[in-house]
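**Student:** Here my numbering is used: the first residue of the first sequence is 36, the next is one more, and so on. Even for Gly, the Cβ is constructed at its ideal location relative to N, Cα and C. Could you have a look at this structure, given as structure tokens, before my questions?
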Amino acid sequence: MTRMLGWGMPEQGWRKGPWTPEEDKLLSEYVSLHGEGRWSSVARSSGLNRSGKSCRLRWVNYLRPGLKRGQLTPQEEGIIIELHAIWGNKWSTIAKYLPGRTDNEIKNYWRTHFKKKEKSTQKQEKRKHQLQLQQQQQQEYDMKNVLSQAAETSSEKMSESEGRQQMVLTNPNSEEQCMPVMYQDVASWLDTVGDDGISGGLWNLADDYTVAWIRQLCATN
DNA sequence: AAGGTCCCCAACCGCTTGTCA
DNA sequence: CTGACAAGCGGTTGGGGACCT
Numbered sequence: 036m037t038r039m040l041g042w043g044m045p046e047q048g049w050r051k052g053p054w055t056p057e058e059d060k061l062l063s064e065y066v067s068l069h070g071e072g073r074w075s076s077v078a079r080s081s082g083l084n085r086s087g088k089s090c091r092l093r094w095v096n097y098l099r100p101g102l103k104r105g106q107l108t109p110q111e112e113g114i115i116i117e118l119h120a121i122w123g124n125k126w127s128t129i130a131k132y133l134p135g136r137t138d139n140e141i142k143n144y145w146r147t148h149f150k151k152k153e154k155s156t157q158k159q160e161k162r163k164h165q166l167q168l169q170q171q172q173q174q175e176y177d178m179k180n181v182l183s184q185a186a187e188t189s190s191e192k193m194s195e196s197e198g199r200q201q202m203v204l205t206n207p208n209s210e211e212q213c214m215p216v217m218y219q220d221v222a223s224w225l226d227t228v229g230d231d232g233i234s235g236g237l238w239n240l241a242d243d244y245t246v247a248w249i250r251q252l253c254a255t256n
């Protein structure tokens, strides 16, 4: 069965995979003679056994004159960060502000350089959550010990001075009702740990230029 | 040295949008 | 208005090289 693809040509027969130098030459010559556009006729007339889609992609991302090759500059990286904050994954829109760079290139760059940072941030969040749980469990455990001791001496009320932990005993046999009213602020504790421990990872991964740019962005926002 | 893992990037795929008869 | 086709876009995949164990 012959399946039709988006560009109105049969799937059978089109070459796929990496382009050869000969194919590049054919495509470049054809486009320089006839101009960009009408990609399906490029596919038919140029002698290339490639779909129009494939021809367009190859031209736009690789053969088009004026394309920059190689690593993005810190300035370009900064522009990407800033524009992505505005437009999200509108790669072609972002690409318009980076002459010589393609949407595909920017998209790939974002995925490899910033997604991993996002991933590491997620790991940090997970770690933080686990620590919170551990902290909570430890406090509950401590609390049970305190309660069991307290239950021995008193079954009424126990309160400590202001600004410190406070708890209310209603029924020593019911765990739920014995939950403390006030706990130490776990988040504030995590904040103190976070500077050189938990949240340090993101900035270790980010290069200086990125950090500088993000700081600059934060300062302007 | 060899096998495994990670990273980068070219290319493909499917969906959406624009244009025209 | 509608359907067909062309073109564009963003997400995803897969190959190959670099790096690690």
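Quick check on DSSP: helix, strand or coil for residue 123?
**Tutor:** Against the first sequence, residue 123 aligns to sequence position 88. Residue 123 falls in the coil class under three-state DSSP.
**Student:** By Cβ distance, which residues of its chain are closer than 8 Å to residue 184, with the 5 residues on each side in sequence left out?
**Tutor:** The residue labelled residue 184 in the question sits at position 149 within the first sequence. Here the model assigns residue 184 a pLDDT of 49, short of 50, so the residue's position is not dependable and the matter cannot be decided.
**Student:** Would you check if the segment 62-69 and the segment 90-100 touch, i.e. whether three or more CB-CB distances between them fall below 8 Å?
**Tutor:** Counting Cβ pairs under 8 Å, three or more are found: they touch.
**Student:** Between 145, 124, 126, 103, which lies nearest to residue 112 when the distance is taken from Cα to Cα?
**Tutor:** Position 77 of the first sequence holds residue 112. Taking each of 145, 124, 126, 103 in turn and checking the Cα distance to residue 112, the smallest one comes out for 145.
**Student:** Which value, in whole angstroms, describes the spacing of the CA atoms of residue 130 and residue 100?
**Tutor:** As a working mapping, residue 130 is identified with position 95 in the first sequence. As a working mapping, residue 100 is identified with position 65 in the first sequence. Using only the alpha carbons, I get a separation of about 15 Å.
**Student:** I'd like the span of the alpha helix (DSSP H) that includes residue 145, first residue to last.
**Tutor:** Here residue 145 corresponds to residue number 110 of the first sequence, with the count starting at 1. Segment 138-148, the alpha helix (DSSP H) holding residue 145.
**Student:** In the segment 68-132, which residue ranges form an unbroken alpha helix (DSSP H) of at least 4 residues, counting only runs that do not cross its ends?
**Tutor:** Every alpha helix (DSSP H) of 4 residues or more that sits fully in the segment 68-132 is shown, in chain order, as 74-80, 87-93, 109-122, 126-131.
**Student:** Helix, strand or coil, according to DSSP, for residue 56 in the structure here?
**Tutor:** Start at 1 with the first residue of the first sequence, and residue 56 comes out as number 21. In this structure, residue 56 counts as helix in the three-state DSSP scheme.
**Student:** Is it true that the CB of residue 102 sits closer than 9 Å to the CB of residue 128?
**Tutor:** Along the first sequence, read from residue 1 onward, the residue named residue 128 stands at position 93. Along the first sequence, read from residue 1 onward, the residue named residue 102 stands at position 67. Against a cut-off of 9 Å, the Cβ pair of residue 102 and residue 128 comes out as no contact.
**Student:** Drop a sphere of 10 angstroms on the beta-carbon of residue 70, count the other beta-carbons inside from all chains shown, and report buried for 16 or more, exposed for fewer.
**Tutor:** Residue mapping note: residue 70 aligns to position 35 of the first sequence, counting from 1. When all chains shown are included, residue 70 counts as exposed.
**Student:** Sorted by chain position, which residues of the same chain lie with C-beta nearer than 8 Å to residue 135's C-beta, five sequence neighbours on each side aside?
**Tutor:** Counted from its first residue, the first sequence places residue 135 at position 100. Excluding residues within five positions, the ones whose Cβ falls inside 8 Å are 101, 102, 103.
**Student:** Return the residue from the list 108, 120, 121 that minimises the CA-CA distance to residue 140.
**Tutor:** Residue mapping note: residue 140 aligns to position 105 of the first sequence, counting from 1. Ranking the options by Cα distance to residue 140, first place goes to 108.
**Student:** Pick out whichever of 106, 110, 105, 149 has its Cα sitting closest to the Cα of residue 124.
**Tutor:** Taking the first residue of the first sequence as 1, we reach residue 124 at position 89. Relative to residue 124, the option among 106, 110, 105, 149 whose CA is nearest is 149.
**Student:** Note down, in chain order, each residue of its chain lying with its Cβ closer than 7 Å to the Cβ of residue 81, except the 5 sequence neighbours on either side.
**Tutor:** By one-based count along the first sequence, residue 81 stands at place 46. So the qualifying residues of the chain are 61, 62, 65.
**Student:** Taking the alpha-carbon positions, what's the residue 83 to residue 76 distance?
**Tutor:** Position 48 of the first sequence, counted from the first residue, corresponds to residue 83. Position 41 of the first sequence, counted from the first residue, corresponds to residue 76. Distance between the alpha carbons of residue 83 and residue 76 is about 10 Å.
**Student:** Rounded to the nearest angstrom, what separates residue 122 and residue 114 at their Cα positions?
**Tutor:** In the first sequence, counting from the first residue as 1, residue 122 sits at position 87. In the first sequence, counting from the first residue as 1, residue 114 sits at position 79. Cα-Cα distance, rounded: 12 Å.
**Student:** For residue 89, tell me which candidate among 52, 118, 133 has the shortest Cα-Cα distance.
**Tutor:** As a first step, residue 89 must be located in the first sequence, where it is residue number 54. Ranking the options by Cα distance to residue 89, first place goes to 52.
**Student:** Classify residue 118: buried if its beta carbon has 16 or more other beta carbons within 10 angstroms, exposed otherwise.
**Tutor:** In the first sequence, counting from the first residue as 1, residue 118 sits at position 83. Label assigned to residue 118: buried.
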